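Engineer: Note that the protein sequences, when read in sequence, are chains A, B, C and D. Just so you know, we're using the UniProt record's numbering here: the first sequence kicks off at 1 and counts up by one. Just so you know, we're using the UniProt record's numbering here: the second sequence kicks off at 1 and counts up by one. Just so you know, we're using the UniProt record's numbering here: the third sequence kicks off at 1 and counts up by one. Just so you know, we're using the UniProt record's numbering here: the fourth sequence kicks off at 1 and counts up by one. Every residue, glycine too, gets a C-beta built ideally from N, C-alpha and C. Since the structure is predicted, the reported quantities are computational estimates derived from the model, not experimental observations.
There are 4 protein chains.
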Amino acid sequence: MGSAKTSNKHKQILDAAATIFSQKGFHQARMDEIAVMAEVAKGTLYYNFSSKSLLFAATVTEGMEEIVRKVRAELVSDLPFPEHFHLLVSTIVRLYMQHSDLAHIIFNELSSGIDDEVLVEIERVRSRFIDFIAEMLSWGQQKGYIKNIDLKLSAVALAGIIDSVCSHILQNPDEGSEEKAVETLYDILSSGLLGG
Amino acid sequence: MGSAKTSNKHKQILDAAATIFSQKGFHQARMDEIAVMAEVAKGTLYYNFSSKSLLFAATVTEGMEEIVRKVRAELVSDLPFPEHFHLLVSTIVRLYMQHSDLAHIIFNELSSGIDDEVLVEIERVRSRFIDFIAEMLSWGQQKGYIKNIDLKLSAVALAGIIDSVCSHILQNPDEGSEEKAVETLYDILSSGLLGG
Amino acid sequence: MGSAKTSNKHKQILDAAATIFSQKGFHQARMDEIAVMAEVAKGTLYYNFSSKSLLFAATVTEGMEEIVRKVRAELVSDLPFPEHFHLLVSTIVRLYMQHSDLAHIIFNELSSGIDDEVLVEIERVRSRFIDFIAEMLSWGQQKGYIKNIDLKLSAVALAGIIDSVCSHILQNPDEGSEEKAVETLYDILSSGLLGG
Amino acid sequence: MGSAKTSNKHKQILDAAATIFSQKGFHQARMDEIAVMAEVAKGTLYYNFSSKSLLFAATVTEGMEEIVRKVRAELVSDLPFPEHFHLLVSTIVRLYMQHSDLAHIIFNELSSGIDDEVLVEIERVRSRFIDFIAEMLSWGQQKGYIKNIDLKLSAVALAGIIDSVCSHILQNPDEGSEEKAVETLYDILSSGLLGG
DNA sequence: CATGAATGAGTCTTCATTCAT
DNA sequence: AATGAATGAAGACTCATTCAT
Numbered sequence: 001m002g003s004a005k006t007s008n009k010h011k012q013i014l015d016a017a018a019t020i021f022s023q024k025g026f027h028q029a030r031m032d033e034i035a036v037m038a039e040v041a042k043g044t045l046y047y048n049f050s051s052k053s054l055l056f057a058a059t060v061t062e063g064m065e066e067i068v069r070k071v072r073a074e075l076v077s078d079l080p081f082p083e084h085f086h087l088l089v090s091t092i093v094r095l096y097m098q099h100s101d102l103a104h105i106i107f108n109e110l111s112s113g114i115d116d117e118v119l120v121e122i123e124r125v126r127s128r129f130i131d132f133i134a135e136m137l138s139w140g141q142q143k144g145y146i147k148n149i150d151l152k153l154s155a156v157a158l159a160g161i162i163d164s165v166c167s168h169i170l171q172n173p174d175e176g177s178e179e180k181a182v183e184t185l186y187d188i189l190s191s192g193l194l195g196g
Numbered sequence: 001m002g003s004a005k006t007s008n009k010h011k012q013i014l015d016a017a018a019t020i021f022s023q024k025g026f027h028q029a030r031m032d033e034i035a036v037m038a039e040v041a042k043g044t045l046y047y048n049f050s051s052k053s054l055l056f057a058a059t060v061t062e063g064m065e066e067i068v069r070k071v072r073a074e075l076v077s078d079l080p081f082p083e084h085f086h087l088l089v090s091t092i093v094r095l096y097m098q099h100s101d102l103a104h105i106i107f108n109e110l111s112s113g114i115d116d117e118v119l120v121e122i123e124r125v126r127s128r129f130i131d132f133i134a135e136m137l138s139w140g141q142q143k144g145y146i147k148n149i150d151l152k153l154s155a156v157a158l159a160g161i162i163d164s165v166c167s168h169i170l171q172n173p174d175e176g177s178e179e180k181a182v183e184t185l186y187d188i189l190s191s192g193l194l195g196g
Numbered sequence: 001m002g003s004a005k006t007s008n009k010h011k012q013i014l015d016a017a018a019t020i021f022s023q024k025g026f027h028q029a030r031m032d033e034i035a036v037m038a039e040v041a042k043g044t045l046y047y048n049f050s051s052k053s054l055l056f057a058a059t060v061t062e063g064m065e066e067i068v069r070k071v072r073a074e075l076v077s078d079l080p081f082p083e084h085f086h087l088l089v090s091t092i093v094r095l096y097m098q099h100s101d102l103a104h105i106i107f108n109e110l111s112s113g114i115d116d117e118v119l120v121e122i123e124r125v126r127s128r129f130i131d132f133i134a135e136m137l138s139w140g141q142q143k144g145y146i147k148n149i150d151l152k153l154s155a156v157a158l159a160g161i162i163d164s165v166c167s168h169i170l171q172n173p174d175e176g177s178e179e180k181a182v183e184t185l186y187d188i189l190s191s192g193l194l195g196g
Numbered sequence: 001m002g003s004a005k006t007s008n009k010h011k012q013i014l015d016a017a018a019t020i021f022s023q024k025g026f027h028q029a030r031m032d033e034i035a036v037m038a039e040v041a042k043g044t045l046y047y048n049f050s051s052k053s054l055l056f057a058a059t060v061t062e063g064m065e066e067i068v069r070k071v072r073a074e075l076v077s078d079l080p081f082p083e084h085f086h087l088l089v090s091t092i093v094r095l096y097m098q099h100s101d102l103a104h105i106i107f108n109e110l111s112s113g114i115d116d117e118v119l120v121e122i123e124r125v126r127s128r129f130i131d132f133i134a135e136m137l138s139w140g141q142q143k144g145y146i147k148n149i150d151l152k153l154s155a156v157a158l159a160g161i162i163d164s165v166c167s168h169i170l171q172n173p174d175e176g177s178e179e180k181a182v183e184t185l186y187d188i189l190s191s192g193l194l195g196g
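(1) According to DSSP, is residue 212 of chain B part of a helix, a strand, or is it coil?
(2) Okay, do the segment 39 to 46 of chain C and the segment 7 to 14 of chain C touch, 3+ Cβ pairs below 8 angstroms being the bar?
(3) Considering only C-alpha positions, which residue in the set C/Asp-187, C/Leu-87, C/Gly-25 is nearest to C/Thr-59?
(4) Determine the closest residue to B/Gln-28 out of B/Lys-52, B/Ile-13, B/Asp-174, B/Asp-116, with distance taken between C-alpha atoms.
(5) Run through DSSP, which three-state label would A/Val-165 get?
(6) So the alpha helix (DSSP H) D/Val-40 belongs to, where does it begin and stop?
(7) With a cut-off of 8 angstroms, do at least 3 Cβ pairs link the segment 125 to 135 of chain A to the segment 129 to 142 of chain B?
(8) So, at 6 angstroms on beta carbons, what are the nonlocal neighbours of B/Ala-35 in its own chain, with the 5 sequence-adjacent residues on each side left out?
(9) Taking C-alpha atoms, which residue in C/Asp-174, C/Asp-32, C/Ser-154 lies nearest to C/Gly-192?
(10) Against B/Glu-178, what residues of chain A qualify as contacts under a CB-to-CB distance less than 7 angstroms, listed in chain order?
(11) Alpha carbon to alpha carbon, how far is C/Leu-158 from D/Pro-82? Give it in angstroms, no decimals.
(12) Measuring alpha carbon to alpha carbon, tell me which of A/Thr-184, A/Lys-152, A/Arg-30, A/Val-68 ends up nearest A/Cys-166.
(13) Can you give the Cα-Cα distance for B/Gly-63 and B/Phe-21, rounded to whole angstroms?
(14) Around the C-beta of D/Leu-102, are 16 or more other C-beta atoms found within 10 angstroms, so that it is buried, or is it exposed?
(15) If we define contact as Cβ-Cβ less than 9 angstroms, is A/Val-165 a contact residue for chain B?
(16) Please report how far the alpha carbon of A/Leu-189 lies from the alpha carbon of B/Val-71, in whole angstroms.
(17) Given that a residue counts as buried once 16 or more other Cβ atoms are within 10 Å of its Cβ, and exposed if not, what is D/Ser-164?
(18) Who are the near neighbours of D/Ile-37 in its chain, counting only those whose CB is closer than 7 angstroms to its CB and skipping five residues on each side?
(19) Have a look at C/Asn-48, C/Glu-33, C/Trp-139, C/His-86 and flag the residue whose alpha-carbon is nearest the alpha-carbon of C/Ala-181.
(20) Please list, in chain order, all residues of the same chain as B/Ile-92 whose beta carbon is under 6 angstroms from its beta carbon, the five residues on each side excluded.
(21) Helix, strand or coil, according to DSSP, for A/Phe-49 in the structure here?
(22) Report the three-state DSSP secondary structure of B/Ser-138 (helix, strand or coil).
(23) Output yes if chain D places a C-beta closer than 9 angstroms to the C-beta of C/Thr-61; else output no.
(24) Alpha carbon to alpha carbon, what distance is there between C/Lys-147 and D/Tyr-186?
(25) Using CA coordinates, which residue listed in D/Leu-95, D/Gln-171, D/His-84 is at the minimum distance from D/Gln-141?
(26) For C/Ser-88, is the classification buried or exposed, using 16 other Cβ atoms within 10 angstroms of its Cβ as the cut-off for buried?
(27) Tell me, please, whether the CB atom of C/Ser-138 is closer than 9 angstroms to any CB atom in chain D?
(28) Along the chain, where does the alpha helix (DSSP H) that runs through C/Gly-25 open and close?
(29) For C/Asp-174, does the three-state DSSP call read helix, strand or coil?
(30) Counting only C-beta atoms, is D/Ala-16 closer than 9 angstroms to chain C at any point?
(31) Apply the 10 Å Cβ neighbour rule to A/Ala-73 and answer buried if 16 or more other Cβ atoms are within range, or exposed otherwise.
(32) Which runs of the beta strand (DSSP E) fall wholly inside the segment 83 to 131 of chain A and span at least 3 residues, in chain order?
(33) Does any CB atom of chain D fall closer than 9 angstroms to the CB of C/Leu-185?
(34) Is it buried or exposed, B/Gln-120, if we count other Cβ atoms within 10 angstroms and call 16 or more buried?
(35) Would you report the Cα separation of A/Leu-32 and A/Ser-50, rounded to the nearest angstrom?
(36) Return yes when the Cβ of D/Val-125 is within less than 9 angstroms of the Cβ of D/Leu-54, no when it is not.
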């Protein structure tokens with residue numbers, strides 16, 4: 001070991017970056033602050049990631065990939081589609097709440113001011129997440145469980161509705177629990193708002 | 001005169017601010033740029049609004065109030081609830097697309113870095129919009145059209161799902177038209193995804 | 001007055017810049033130092049000149065133009081060519097010694113590290129100086145005083161020989177006076193080294 | 001062995017340093033870049049040369065000594081002085097063009113920003129080169145070929161005129177060949193500009 | 001001998017804000 | 001009411017140098 005453990009500074013930095021970026025957003029995050037939290041010198045940040053933008057990209061990419069991996073892992077089930085769909089929603093909600101940092105980044109800071117190159121990279125990651133959801137819906141559609149509807153837009157809608165509800169209960173912790181959120185979301189998504 | 005026609009510079013500035021803030025977001029927007037677009041000197045910005053944060057707050061507040069006013073105006077109808085609900089969705093979508101600037105601001109830049117005082121003000125405006133939707137849903141619920149569901153969370157979900165879909169088609173103009181967006185959204189919201 | 005005197009800060013900065021740039025060269029000069037010497041805030045530097053490179057370019061350009069103007073002014077004479085040529089040499093030497101700052105900059109810091117755009121601008125100024133000398137030599141050639149020789153190369157040679165000798169006596173003040181330099185240079189340039 | 005073959009890394013570094021320093025000048029040269037070109041680790045640079053300044057000094061010193069050695073070697077001739085002088089000029093020009101790297105360094109980067117100690121060392125080397133030329137002129141003067149003129153200043157002038165002309169044709173390859181440069185220089189130096 | 005990850009002092013540059021006019 | 005020159009605090013990034021291995 002030694003060559004196997006490629007400097008844990010790398011990971012320290014990414015962890016600190018995820019925390020700071022999610023707390024403050026890209027533009028308000030300060031490299032100094034990240035360095036302090038990572039317990040490395042500022043130069044070390046730049047030795048490992050050549051710019052703030054690239055550090056941001058790495059943070060988002062690695063974090064997002066981990067989340068998608070986790071969702072996939074948990075969804076390996078033989079449940080009937082409705083239960084499977086419920087599991088999808090609840091899993092995404094749970095992971096969103098756990099990694100609200102990253103979620104926040106991805107859903108709230110795709111605006112301008114970041115290197116185009118990096119923006120494209122992040123958009124690519126986000127797109128892969130949407131595609132993953134669309135793929136799942138497609139599978140349900142083939143089984144006859146999902147109505148005839150635009151899958152890409154539906155996936156986008158699914159991501160958006162989960163984002164807004166989770167964001168809301170994170171910011172207003174008193175107004176609702178995770179369970180309630182999952183039920184409301186499943187309710188809406190499975191049978192719509194109408195139908196009292 | 002005086003309070004009625006508070007110098008038209010005031011309006012010029014707000015218009016320019018809306019454009020710039022929406023294009024770049026709060027942190028990336030530059031006071032210089034706003035001044036140039038408003039065709040006033042930079043000092044005039046500060047003569048009319050004492051800080052960047054306050055200018056932002058004014059921009060969002062005034063813009064938002066105008067939108068809510070418009071939605072309210074268009075929804076004065078005696079249609080049966082389902083049609084009324086469809087009208088709600090299509091109206092919000094249309095106004096979102098028209099004022100994507102503001103929508104973008106409100107949905108994407110509520111993160112940190114802004115004076116708490118201002119943040120609270122904006123949150124208050126946003127909240128009023130959510131409440132307006134919830135109120136509409138409540139009315140539908142009383143009429144027996146909306147199922148027994150948490151109205152606040154549902155309103156949040158409604159705003160979120162519209163935001164994500166509209167954002168998506170704005171960024172990918174080729175992947176869908178406004179009409180398709182409205183139909184997909186109404187489809188999901190009225191009867192859910194399930195039920196193929 | 002007021003609008004006529006376009007802020008003397010501009011000139012203060014250029015003067016300070018000329019001094020610092022000539023003492024330390026482009027890369028070693030610090031904007032802070034220039035600001036302090038110009039008795040303005042650092043921001044004022046950037047308000048007047050948008051970058052270090054551009055400040056450098058302005059310094060060199062304005063200084064150089066002043067020198068060329070002076071040389072031209074002093075050379076308006078009806079002397080016979082040999083005396084005229086002697087005057088040319090002595091004038092250039094005198095101005096070089098007076099503005100050794102700028103001379104140093106122009107002859108010693110045309111190396112890399114500066115924005116290409118700026119480098120080109122400076123090269124253009126330098127070129128104009130060379131052309132001015134060549135023009136003078138051409139005039140002498142037409143009068144039959146200058147031998148049949150490449151005028152551009154001769155102008156370059158003239159500038160180079162003056163530069164090296166002036167540089168030398170500036171760095172070794174004990175080894176020669178300005179008068180001696182002028183005589184040696186005139187001696188070499190008028191009748192060559194050979195011919196003892 | 002050991003002192004004779006001080007690790008060939010030593011030479012690799014000096015070669016790379018000569019290239020980089022001459023391309024970019026002292027201040028713009030980066031130790032990283034030199035290390036990469038020398039194909040050694042950055043630490044190895046510091047193992048062999050304790051600082052950037054010292055590496056620069058070593059580069060200049062060793063290179064310069066090699067050049068002076070070569071000039072001396074080629075000038076061992078029994079030619080009559082005029083031909084000998086012509087040979088001196090053409091040899092210096094040829095070596096200048098061959099080692100334009102070093103020439104550039106020596107003539108263009110004697111400004112500030114380098115350790116005084118190192119600056120003095122380099123000035124010493126430069127001085128030795130001037131003295132070598134002066135010595136040659138002195139020899140010609142004794143033979144009655146060189147007029148009664150300040151030899152040190154003349155040597156400085158000779159170096160300067162060669163530098164400027166060579167620099168010029170290096171930067172404007174189309175405006176003149178090496179041969180033309182030699183002839184122009186010899187023309188000026190042997191019989192002056194005047195005398196059409 | 002050789003390495004390269006780590007360091008942090010030092011720089012340029014940006015931009016909200018002020019204030020004399 | 002309006003201006004815009006001036007400010008200076010704050011932040012991203014560079015790079016010579018060190019040192020544990």
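Structural biologist: In short:
(1) This structure cannot settle anything about residue 212 of chain B, because the visible part of chain B is limited to 1 through 196.
(2) The segment 39 to 46 of chain C makes contact with the segment 7 to 14 of chain C: 3 or more CB pairs, one atom from each, lie closer than 8 angstroms.
(3) Start at 1 with the first residue of the third sequence, and residue 59 of chain C comes out as number 59. Out of C/Asp-187, C/Leu-87, C/Gly-25, C/Gly-25 has the C-alpha closest to the C-alpha of C/Thr-59.
(4) Here residue 28 of chain B refers to the residue found at position 28 when the second sequence is read from its first residue. Comparing Cα positions, the closest option is B/Lys-52.
(5) For the purposes of this step, residue 165 of chain A is taken as residue 165 along the first sequence, with counting starting at 1. In the structure shown, A/Val-165 sits in a helix (DSSP, three-state: H, G or I).
(6) Working through the fourth sequence from its first residue, we reach residue 40 of chain D at position 40. It is not in any alpha helix (DSSP H) - D/Val-40 carries neither H nor E in the DSSP assignment.
(7) no
(8) For this step, residue 35 of chain B is matched to residue 35 along the second sequence. Apart from sequence neighbours up to five positions away, the residues of its chain that approach B/Ala-35 with a beta-carbon distance below 6 angstroms are Lys-42, Leu-45, ordered along the chain.
(9) Taking the third sequence and counting its residues from 1, one reaches residue 192 of chain C at position 192. Ranking the options by Cα distance to C/Gly-192, first place goes to C/Ser-154.
(10) Your numbering for residue 178 of chain B matches position 178 in the second sequence. Annotation: B/Glu-178 has no Cβ neighbours in chain A at a cutoff of 7 angstroms; minimum Cβ distance is about 12 angstroms.
(11) Within the fourth sequence, residue 82 of chain D is the residue found at index 82, counting from 1. Within the third sequence, residue 158 of chain C is the residue found at index 158, counting from 1. Taking the straight line joining both Cα atoms gives about 22 angstroms.
(12) Against the first sequence, residue 166 of chain A aligns to sequence position 166. Closest option to A/Cys-166, Cα to Cα, is A/Thr-184.
(13) As a first step, residue 63 of chain B is located in the second sequence; it is residue number 63 there, counting from the start. As a first step, residue 21 of chain B is located in the second sequence; it is residue number 21 there, counting from the start. Whole-angstrom Cα-Cα distance: 12 angstroms.
(14) The residue given as residue 102 of chain D occupies position 102 in the fourth sequence. Classified as buried, D/Leu-102 has 16 or more neighbouring CB atoms from the shown chains inside 10 Å of its CB.
(15) Locating residue 165 of chain A in the first sequence gives position 165, where the first residue counts as 1. It does; some Cβ of chain B falls within 9 angstroms.
(16) Taking the first sequence and counting its residues from 1, one reaches residue 189 of chain A at position 189. Taking the second sequence and counting its residues from 1, one reaches residue 71 of chain B at position 71. Distance between the alpha carbons of A/Leu-189 and B/Val-71: 25 angstroms.
(17) By one-based count along the fourth sequence, residue 164 of chain D stands at place 164. Its Cβ being crowded by 16 or more others within 10 Å, D/Ser-164 is buried.
(18) Locating residue 37 of chain D in the fourth sequence gives position 37, where the first residue counts as 1. A small fix is needed here, since residue 37 of chain D is Met in this sequence, not Ile. Taken in chain order, the residues that qualify are Ala-16, Thr-19, Ile-20.
(19) Locating residue 181 of chain C in the third sequence gives position 181, where the first residue counts as 1. Taking only the C-alpha atoms, the option nearest C/Ala-181 is C/His-86.
(20) What you label residue 92 of chain B is simply residue 92 of the second sequence in a count that begins at 1. For B/Ile-92, where only same-chain residues beyond five positions count, the Cβ hits under 6 angstroms are Ile-162.
(21) Against the first sequence, residue 49 of chain A aligns to sequence position 49. Residue state, collapsed to three classes: coil.
(22) Looking up residue 138 of chain B in the second sequence gives position 138. Here B/Ser-138 sits in helix by DSSP.
(23) Within the third sequence, residue 61 of chain C is the residue found at index 61, counting from 1. Chain D places no beta carbon closer than 9 angstroms to that of C/Thr-61, leaving this residue out of the contacts.
(24) Start at 1 with the first residue of the fourth sequence, and residue 186 of chain D comes out as number 186. Start at 1 with the first residue of the third sequence, and residue 147 of chain C comes out as number 147. So the alpha carbons of these two residues sit roughly 13 angstroms apart.
(25) Counted from its first residue, the fourth sequence places residue 141 of chain D at position 141. Comparing Cα positions, the closest option is D/His-84.
(26) By one-based count along the third sequence, residue 88 of chain C stands at place 88. In the sequence on display, residue 88 of chain C carries Leu and not Ser. The residue in question, C/Leu-88, is buried, as its Cβ has 16 or more Cβ neighbours within 10 Å.
(27) In the third sequence, residue 138 of chain C corresponds to position 138, counting from 1. No - not a single Cβ of chain D is within 9 angstroms of the one on C/Ser-138.
(28) Reading the third sequence from its first residue, position 25 is the one you call residue 25 of chain C. Its alpha helix (DSSP H) spans residues 9 to 28.
(29) If you number the third sequence from 1, residue 174 of chain C lands on position 174. Here C/Asp-174 sits in helix by DSSP.
(30) Taking the fourth sequence and counting its residues from 1, the one referred to as residue 16 of chain D is at position 16. So, not an interface residue.
(31) As a working note, residue 73 of chain A is residue 73 in the first sequence. Exposed, since its Cβ has fewer than 16 Cβ neighbours within 10 Å.
(32) none
(33) Here residue 185 of chain C refers to the residue found at position 185 of the third sequence. For C/Leu-185, the answer is yes, since a Cβ of chain D falls inside 9 angstroms of its Cβ.
(34) Looking up residue 120 of chain B in the second sequence gives position 120. Going by the sequence as given, residue 120 of chain B is Val instead of Gln. Classification for B/Val-120: exposed.
(35) The count along the first sequence starts at 1 and reaches residue 32 of chain A at position 32. The count along the first sequence starts at 1 and reaches residue 50 of chain A at position 50. The sequence shown places Asp at residue 32 of chain A, not Leu. If I take the Cα positions, the gap works out to 15 angstroms.
(36) As a working note, residue 54 of chain D is residue 54 in the fourth sequence. As a working note, residue 125 of chain D is residue 125 in the fourth sequence. Their beta carbons are not under 9 angstroms apart, which means D/Leu-54 does not touch D/Val-125 by this criterion.
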